[in-house]
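One structure is given here, and the rest of the page talks about it.
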Amino acid sequence: MLLDDKVKLYGMTGRCISARDNIVIKTTKAVHLLSATAWAGGAISMQALSFLKLSLDDPATISVVAYCLHFIDTWVVMPGLAGCILTGFFYSIFTSLGFFKHAWITYKWIVSACAAFWGTMFWGPWGDNLIAFLEPWGLAPLLLFVRGCILPVSFWQAALQTTLIFSMLIISVYRPLTWIGLYRGLFGRYRERAAG
Numbered sequence: 001m002l003l004d005d006k007v008k009l010y011g012m013t014g015r016c017i018s019a020r021d022n023i024v025i026k027t028t029k030a031v032h033l034l035s036a037t038a039w040a041g042g043a044i045s046m047q048a049l050s051f052l053k054l055s056l057d058d059p060a061t062i063s064v065v066a067y068c069l070h071f072i073d074t075w076v077v078m079p080g081l082a083g084c085i086l087t088g089f090f091y092s093i094f095t096s097l098g099f100f101k102h103a104w105i106t107y108k109w110i111v112s113a114c115a116a117f118w119g120t121m122f123w124g125p126w127g128d129n130l131i132a133f134l135e136p137w138g139l140a141p142l143l144l145f146v147r148g149c150i151l152p153v154s155f156w157q158a159a160l161q162t163t164l165i166f167s168m169l170i171i172s173v174y175r176p177l178t179w180i181g182l183y184r185g186l187f188g189r190y191r192e193r194a195a196g
């Protein structure tokens, strides 16, 4: 079988488990994991810095922490997100996985697209400008909530972002082919143990 055929047939079952001799798939998987680590690790680091910023009183130190937040977002989080999206495009175009063929891939595309759009929006001044523009129509709280999910400034917003990051991890580990499969995979085993 040609290398191209092995790549195209990868993921036929939707589980993406075996690629022992396929250097293209293994390399793409390694880049994807590195990118996901940068994206999630950078986001959690930004949460820690945001809480540090809230506890400070010195304007000069707050300015330095704000600069560090933007630096991590620019050089860790955004490249990690871009790497995940690029490797996701590779998997979706060149393998049999497709973009929306399986529940776990659909979920990852939805979260990645939202993170890319809103992350870019609030990475620059555009998000704050849009909030100010929508204030007279009463739509600013909705965008403030979205910004809080991207750049958490409270415990609950950080918990929500951490839950979203953890959900991406769980979906990547369990890889449910359908949404019912996810439910059965997470909760079906516990009901069987309780009944047995």
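Each residue of the sequence shown is one higher than the one before, counting from 1 in our numbering.
Glycine is no exception: its CB is placed at the ideal position from the N, C-alpha and C atoms.
Fully enclosed alpha helix (DSSP H) runs of no fewer than 4 residues occupy 23–54, 59–72 of the stretch 7–76, in order along the chain.
Counting only runs of 4 or more residues that sit fully inside the stretch 129–163, the alpha helix (DSSP H) segments are 140–150, in chain order. Across the structure, Ile-170 and Trp-104 are spaced so that their CA atoms are roughly 10 Å apart. With contacts defined by Cβ atoms closer than 8 Å, Val-65 and Leu-86 do not form a contacting pair. Taken atom to atom, the span from the alpha-carbon of Glu-135 to that of Cys-114 is near 22 Å.
In this chain, the alpha helix (DSSP H) harbouring Ser-92 covers 78–94.
If you ignore the 5 residues before and after Leu-81, its C-beta comes within less than 8 Å of the C-beta of Ser-35, Trp-39, Ser-112, Ala-115, Ala-116, Gly-119, all in its own chain and listed in chain order.
Residues Trp-123 of the same chain have their beta carbon placed closer than 8 Å to that of Thr-74, with the five preceding and five following residues left out of the count. In the structure shown, the three-state DSSP call for Thr-178 is coil. With respect to Met-12, Lys-108 sits apart: the two C-beta atoms are not nearer than 8 Å. Lys-101 carries a coil assignment under DSSP once its states are collapsed to helix, strand and coil. Only buried fits Leu-151, as 16 or more other CB atoms lie within 10 angstroms of its CB. The beta carbons of Ser-45 and Ile-62 sit no closer together than 8 Å. Comparing alpha carbon positions, the residue from Gly-138, Lys-8, Cys-84 closest to Thr-37 is Cys-84. Nearest neighbour of Ile-25 by Cα position, chosen from Gly-88, Leu-139, Trp-126, Asp-57, turns out to be Gly-88.
Per the coordinates, the alpha-carbon of Ser-50 lies some 20 Å from the alpha-carbon of Trp-126. Ranked by how close their Cα comes to the Cα of His-102, the residues Ile-180, Ala-158, Ser-154, Arg-147 have Ile-180 in first place. Shown here, Gly-127 sits in a helix according to DSSP, grouped into three states.
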